[in-house]
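What follows is a single structure, written as C-alpha cells, with notes after it.
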Amino acid sequence: MRQKRAKQYRKQLQILKTTFKFKPPIQCVVDDNLILEATNASYDLIKGINSIVQTETKFFVTQCCIQHLYDSKNQVAIDLAKRMEKRRCGHKDTLSSFDCIKSITNVDGENKFRYLVATQDENLRTSLRNIAGVPLVFLRRSVLIMEPLSKVTRRVVDAVERMKLTQGLNSIDAGKRKLETSEEDTVEEQPKHKKKKVKGVNPLAMKKKQKKPQQQQQQQQQQQQQQNENSDELNGEGGDKKRRRRARSRKTDVNTSTSGDLIADADADFKSEVDSKVSNREESKIEDNVSNDAELAEEHK
Ligand SMILES: [Zn+2]
8 MRQKRAKQYR KQLQILKTTF KFKPPIQCVV DDNLILEATN ASYDLIKGIN
58 SIVQTETKFF VTQCCIQHLY DSKNQVAIDL AKRMEKRRCG HKDTLSSFDC
108 IKSITNVDGE NKFRYLVATQ DENLRTSLRN IAGVPLVFLR RSVLIMEPLS
158 KVTRRVVDAV ERMKLTQGLN SIDAGKRKLE TSEEDTVEEQ PKHKKKKVKG
208 VNPLAMKKKQ KKPQQQQQQQ QQQQQQQNEN SDELNGEGGD KKRRRRARSR
258 KTDVNTSTSG DLIADADADF KSEVDSKVSN REESKIEDNV SNDAELAEEH
308 K
C-alpha cells in the first residue's frame, strides 16, 4: 500500500509541476491544527511531509497560526512551528487559521504562490478544493495523506492536456516546421530548375545561331535584291504617288485646323507649291501619254 501511495503521490506532484508549475523547493504551509494533532500523536510531521513530496520542501507557518499555537501554550507544538519559516500574512488582527491560510492560498481564485497546504481543518480543505492546483495534506489515524486531485484541479488538468493535443496539430511551431521544410524544398529545387533552364536553352540557341548565319546571308541577299527592285519602283511612279499622298494628308490636316492667320498664310503658300508640283507632274504625264500614244500609233502603222 505504501509503495502504491508513493507512486500515486509522485504522479500527482508531476502533474502539479507540469500543469501548475510547482518547482522545488515545494512550499508547504502548515496550519496550527495539524501541528497540534501531530504533536499529540507524536507524529514526525516534517518527515511525513518530506516522504510525500519526495523533493526539497520549505515549511511555512503563518503569523496568525503561530499566534494560535502560543495561545494553546503547547510548547512541543510551538517548538515544531519554530523549525518552520514564518510566513508574513500581514493580518494585523489575528485571523482564524481558516481565513488566514485561505487568504494567502486563494489569490484571485488562483494558488498564486503554489502552496501545498497541510491542514487538519476539514472546512479549509473543502474550501481549497475549489481552487485548482492546491495539494492538500492531512493526518488520518497517524498516517499522513495527500488528497487526490480535486475535481476542479482535474478539470484544469484535462483542459490543459486537450490544449496540448490540439496545439500538437495546430500549433504555430508545427506550421513553422512545415514552412521551413517547404522553404528548404523550394530552395533546393529552384537552383536545379535554373541550371536545367540554362543548360537546356543554350544548346538549342547555339544550334540556331550556327544555322542562322548561312541562312541569314541567303535571306539577306534575297531581301537586298527585293529592296533594290522596290527602290527602283519607288524611284519611278511609286515615289510620285507617295509624295502625293503625303501632300493630300497634310492638306486635310491643314484644312481642319482653325487657328491663326499665320498658319492660313503658310497653308496658302504650301497649297500653291503643291498645286504647281501636281500640275507639272500632270503635264509630264500627259506628255508621256501623248508620246506613248504616238509610239502605239507608230506600232499599229
Ligand atoms: Zn494571517
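Residues are numbered in this note's numbering as their position in the sequence shown, beginning at 1, plus a constant of 7. Here a beta-carbon is modelled for each residue, glycine too, at the ideal position from N, C-alpha and C.
- Assignment of beta-bridge partners to residue 36 by DSSP yields 67, 124.
- Look at residue 43 here: in three-state DSSP terms it is helix.
- The beta carbon of residue 98 sits closer than 6 Å to at least one heavy atom of ligand 1.
- At the C-beta level, residue 167 and residue 36 stay beyond 7 Å of one another.
- Annotated three-state conformation of residue 170 is helix, per DSSP.
- Under DSSP, residue 151 forms a beta bridge with 146.
- Inter-residue distance for residue 91 and residue 31 is about 16 Å (C-alpha atoms, whole angstroms).
- With fewer than 16 neighbouring CB atoms inside 10 Å of its own CB, residue 173 falls in the exposed class.
- Sorting 128, 146, 139, 145 by C-alpha distance to the C-alpha of residue 156 places 139 at the top.
- Relative to ligand 1, the nearest heavy atom lies less than 6 Å away from the CB of residue 69.
- With fewer than three CB-CB distances shorter than 8 Å, the stretch 94-105 does not count as touching the stretch 48-59.
- In the DSSP assignment, residue 109 falls outside any beta strand (DSSP E) and lies within the alpha helix (DSSP H) extending over 104-112.
- Checking the DSSP bridge columns, you'll see residue 92 partnered with 67.
- Between residue 69 and residue 122, the alpha-carbon positions lie close to 12 Å from each other.
- Using a cutoff of 6 Å, the CB of residue 135 does not count as near ligand 1, since none of the ligand's heavy atoms is closer than that.
- Between residue 149 and residue 48, the C-beta spacing is below 7 Å.
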